[in-house]
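> Could you have a look at this structure, given as structure tokens, before my questions?
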Amino acid sequence: MSRARRVLVVGIDGVRLDTLNRVPTPHLDTVADAGFLAPVTVAEGTPTMSGPCWATIVTGVTVTKHAVWSNDFSGHRLGVFPDFATRLARQDGRRTYVAAAWEPLVTVADGGPMFRRPTRLTHHAPAADTPAAWEEADAWTVRDAVAVLTHEDPEASFVYLGAPDETAHHLGCGDAYEASVRVADRRLGDLLAALRARPSYEDEAWTVLVVTDHGHRDEGGHGGGSPAERTAWLACAGPDITAGARPARPVRHEDVAAQVYAALDRTPDSHWTLEGREVPTVPRGVLLDMDGTLVDTEPLWLEASRAVAAAHGHTLTEEDEAAVLGRTCADTAARLVQLCPETTTVGALETELEDTFLAAVEAGVDLRPGARALLDRLEAEGLPAALVSASPRRVVDTVLRTLGGEVFRTTVADGESDRSKPFPDPCLKAAARLGLPPEACLAVEDSPTGVAAAEAAGCRVLAVPSRTPITPAPGRRVRTDLTDLLREWGRGEPA
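Residues 30 to 524 (our numbering) are what the sequence shown spells out, left to right.
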């Protein structure tokens with residue numbers, strides 16, 4: 030059963046990106062290490078103020094559409110371009126939750142609320158406009174959010190922390206500000222712990238986004254156009270993102286809402302006219318299957334299996350053919366012995382299958398659509414790549430003469446790991462040889478057998494089915510062919 034998709038967005042107001050390089054933020058680092066942390070530049074024409082920036086973040090459209098131009102929201106168009114929590118609740122009937130202390134986000138103060146109709150709401154306004162009062166308000170906000178996230182079941186949540194911004198306004202970006210950032214990180218840790226404490230956590234696929242709206246001048250304050258004020262950031266981790274990935278293009282504030290919809294597998298309606306898009310990411314390493322993924326050898330393998338089966342008095346059924354796709358010669362030989370047990374041994378059938386398949390491959394193979402361009406891209410960027418195949422070494426080496434083995438830092442063939450696909454061993458061995466954890470690798474596979482091996486290893490998966498259909502799931506994207514991946518990565522720049 031596929032895991033249920035859930036998403037949490039944590040907005041921490043006014044945290045400078047350069048501050049994160051000085052201040053220990055272990056919980057934010059956990060999110061960044063499991064996915065990415067990227068700079069965001071506040072768009073030209075958008076005031077570097079909380080109202081306009083948060084409106085762009087939660088609606089997925091820019092200031093000219095949502096019309097929040099300041100911290101007074103009067104005249105906004107949030108009814109036309111609602112926040113993601115409202116849109117998901119009202120249009121899809123999903124359970125959504127918002128927790129915030131800043132009044133215009135959740136009340137009618139100053140032309141609000143920005144979040145118009147979430148399913149569930151927490152609000153603790155600060156008792157005074159002081160750093161201490163804001164710290165207390167954030168503490169109450171997180172206490173409530175922890176209870177909701179642990180014991181209830183919101184599908185999309187937004188939790189806002191405002192104390193770092195207010196501290197910078199009152200005291201500048203010195204020691205007190207950095208202390209407030211550290212406290213905000215601990216509160217982020219409380220929220221992440223609440224997710225892990227959920228009774229249903231193991232059956233869920235959580236995407237977590239942590240984002241800030243703008244920076245600050247050294248003396249505190251924002252609203253101008255300096256780099257310190259215009260530089261924000263986004264950290265994101267989830268089942269569809271490899272650990273330590275890098276965005277394939279610059280990240281924008283309007284992409285956050287789009288990322289929320291993507292995390293929930295919700296395709297935005299074209300009438301929403303969203304300006305944000307899901308952020309495509311490039312993994313730290315790629316594990317590539319060979320047969321059916323890079324080269325069109327699946328028909329050759331099926332024909333070899335049919336020929337060997339026929340030579341021993343059996344005609345393969347559709348069920349038999351589905352069972353041998355992506356399998357090793359040994360696995361297929363074991364199946365054929367069961368189908369025609371009196372004809373020969375597993376070892377003899379394995380040799381016969383390998384010889385028949387090798388002869389067909391030596392006669393020539395065709396590349397799958399996009400394979401050449403993908404290999405060229407990997408080589409040009411120096412992106413670590415491994416070939417992970419269920420075929421024997423003789424077949425792999427023959428195909429490598431067509432593909433060009435120089436693009437692969439390592440190759441793993443059948444028999445070179447303790448167990449073959451669908452077990453994770455070949456993928457684990459390849460990732461280890463690349464010097465990467467498997468969760469940092471994207472495995473590209475065409476068969477359910479290969480997908481099972483990659484997922485068991487902990488890899489994210491891109492499936493490009495050759496013959497057997499494959500269904501999408503958290504951590505598993507399905508595309509028509511390899512050219513789709515290249516389009517997602519864009520033109521590319523050297524790594």
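Every residue, glycine too, gets a C-beta built ideally from N, C-alpha and C.
Determine contact between the region 476-484 and the region 497-505, defined as no fewer than three beta-carbon pairs at a distance below 8 Å.
With the cut-off at 8 Å, the region 476-484 and the region 497-505 touch.
> What whole-angstrom Cβ distance do Gly244 and Leu46 have, given they're in contact under 8 Å?
By 1-based counting over the sequence shown, the position of residue 244 is 215. By 1-based counting over the sequence shown, the position of residue 46 is 17. Contact holds; Cβ gap of about 7 Å.
> Taking just the CA atoms, how far does Ala157 sit from Ala33?
Position 4 of the sequence shown, counted from the first residue, corresponds to residue 33. Position 128 of the sequence shown, counted from the first residue, corresponds to residue 157. Cα-Cα distance, rounded: 40 Å.
> Okay, do the region 509-518 and the region 389-400 touch, 3+ Cβ pairs below 8 Å being the bar?
With the cut-off at 8 Å, the region 509-518 and the region 389-400 touch.
> Rank Val38, Pro268, Asp247 and Phe437 by C-alpha distance to the C-alpha of Leu200 and give the top, closest one.
Counting from 1 along the sequence shown, the entry for residue 200 is found at position 171. Selected option, being the one with the closest Cα: Asp247.
> Can you tell me whether DSSP reads Cys456 as helix, strand or coil?
In the sequence shown, the residue the question calls residue 456 occupies position 427. It is helical.
> Hey, could you find the ends of the beta strand (DSSP E) His152 is sitting in?
Mapped onto the sequence shown, residue 152 falls at position 123. His152 -> beta strand (DSSP E) spans Arg149 to His152.
> Relative to the C-alpha of Leu37, which residue among Leu354, Tyr290 and Leu412 is closest?
The count along the sequence shown starts at 1 and reaches residue 37 at position 8. Closest by alpha carbon: Tyr290.
> Return the chain-ordered list of same chain residues with a C-beta closer than 7 Å to the C-beta of Pro523, the five sequence neighbours on each side being excluded.
As a working mapping, residue 523 is identified with position 494 in the sequence shown. Per-residue confidence for Pro523 stands at a pLDDT of 39, beneath the threshold of 50, marking its modelled position as unreliable; the derived number appears in the next sentence. Glu410, listed in sequence order.
> If we count the other Cβ atoms within 10 Å of its Cβ and call it buried at 16 or more, is Arg35 buried or exposed?
The count along the sequence shown starts at 1 and reaches residue 35 at position 6. The residue in question, Arg35, is buried, as its Cβ has 16 or more Cβ neighbours within 10 Å.
> Are Pro147 and Val127 close, meaning C-beta to C-beta below 8 Å?
Within the sequence shown, the letter at position 118 stands for residue 147. Within the sequence shown, the letter at position 98 stands for residue 127. Contact flag set, yes.
> Does the beta-carbon of Glu327 have 16 or more other beta-carbons within 10 angstroms, so that it is buried, or is it exposed?
By 1-based counting over the sequence shown, the position of residue 327 is 298. Glu327 comes out buried.
> Quick one: is Glu195 buried, meaning 16 or more other Cβ sit within 10 Å of its Cβ, or exposed?
One-based indexing of the sequence shown puts residue 195 at position 166. By the 10 Å Cβ count, Glu195 comes out buried.
> With distances taken from CA atoms, which of Leu150, Leu387 and Leu317 is nearest Thr427?
In the sequence shown, residue 427 corresponds to position 398, counting from 1. Out of Leu150, Leu387 and Leu317, Leu387 has the C-alpha closest to the C-alpha of Thr427.
> For Ala128, which beta-bridge partners are listed by DSSP?
Within the sequence shown, numbered from 1, the residue matching residue 128 stands at position 99. Ala128 pairs with Thr151 and Val188.
> Leaving out five residues before and five after Glu350 in sequence, what residues of the same chain have Cβ atoms less than 7 Å from its Cβ?
Translated into positions along the sequence shown, residue 350 becomes position 321. Result list for Glu350: Leu331, in chain order.
> Am I right that Ala286 and Thr88 are in contact with their C-beta atoms under 8 Å? What's the rounded C-beta distance?
Walking along the sequence shown from the start, residue 286 turns up at place 257. Walking along the sequence shown from the start, residue 88 turns up at place 59. Ala286 to Thr88, Cβ: 6 Å. Contact.
> Where Leu345 and Val425 are concerned, what is the direct C-alpha to C-alpha distance, given to the nearest angstrom?
Taking the sequence shown and counting its residues from 1, the one referred to as residue 345 is at position 316. Taking the sequence shown and counting its residues from 1, the one referred to as residue 425 is at position 396. Going by the C-alpha atoms only, they are around 25 Å apart.
> Any heavy atom of the ligand COA within a distance shorter than 7 Å of the CB on Val490?
By its list of ligands, the structure shown contains no ligand whatsoever, and the ligand COA lies outside what it can speak to.
> So, is Arg295 buried or exposed, given that buried needs 16 or more other C-beta atoms within 10 angstroms?
Within the sequence shown, numbered from 1, the residue matching residue 295 stands at position 266. Its Cβ being crowded by 16 or more others within 10 Å, Arg295 is buried.
> How many Å lie between Gln367 and Glu517 at the Cα?
Position 338 of the sequence shown, counted from the first residue, corresponds to residue 367. Position 488 of the sequence shown, counted from the first residue, corresponds to residue 517. Taking the straight line from one Cα to the other gives about 44 Å.
> Taking the alpha helix (DSSP H) that Gly479 falls in, what are its first and last residues?
For the purposes of this step, residue 479 is taken as residue 450 along the sequence shown, with counting starting at 1. Pro477 to Ala486 is the span of the alpha helix (DSSP H), which, as asked, contains Gly479.
> Tell me whether Ile499 sits in a helix, a strand or coil according to DSSP, three-state version.
Within the sequence shown, residue 499 is the residue found at index 470, counting from 1. Note: Ile499 maps to coil in three-state DSSP.
> Note down, one range per segment and in chain order, each beta strand (DSSP E) of at least 3 residues found wholly within the region 242-326.
With a minimum length of 3 residues, the continuous beta strand (DSSP E) runs that stay inside the region 242-326 are 260-266 and 314-317.
> Quick one: what's got a C-beta closer than 7 Å to Pro501's C-beta in the same chain, skipping five residues either side?
Numbered from its first residue, the sequence shown carries residue 501 at position 472. Contacts found: Val507.
> Rounded to whole angstroms, what's the CA-CA distance from Leu354 to Ile270? Just pull it up for me.
Position 325 of the sequence shown holds residue 354. Position 241 of the sequence shown holds residue 270. If you take the alpha carbons of Leu354 and Ile270, they lie about 28 Å apart.
> Determine the contact status of Arg51 and Glu207, defining contact as a CB-CB distance below 8 Å.
Along the sequence shown, one-based indexing puts residue 51 at 22. Along the sequence shown, one-based indexing puts residue 207 at 178. A contact, by the Cβ cut-off of 8 Å.
> Along the chain, where does the beta strand (DSSP E) containing Glu231 start, and where does it finish?
Translated into positions along the sequence shown, residue 231 becomes position 202. Glu231 -> no beta strand (DSSP E), and no H or E assigned at all.
> Report all residues from its chain with a CB closer than 7 Å to the CB of Asp318; omit the five preceding and five following residues, and keep chain order.
For the purposes of this step, residue 318 is identified with residue 289 of the sequence shown, where counting begins at 1. Closer than 7 Å at Cβ, skipping near neighbours: Val417, Ser418, Val473, Glu474, Asp475 and Gly479.
> Let's see if you can read the secondary structure: which residues bound the alpha helix (DSSP H) around Ala222?
As a first step, residue 222 is located in the sequence shown; it is residue number 193 there, counting from the start. Its alpha helix (DSSP H) spans residues Asp204 to Arg225.
> Terminal residues of the continuous beta strand (DSSP E) containing Ala33?
By 1-based counting over the sequence shown, the position of residue 33 is 4. Here the beta strand (DSSP E) through Ala33 covers Ala33 to Ile41.
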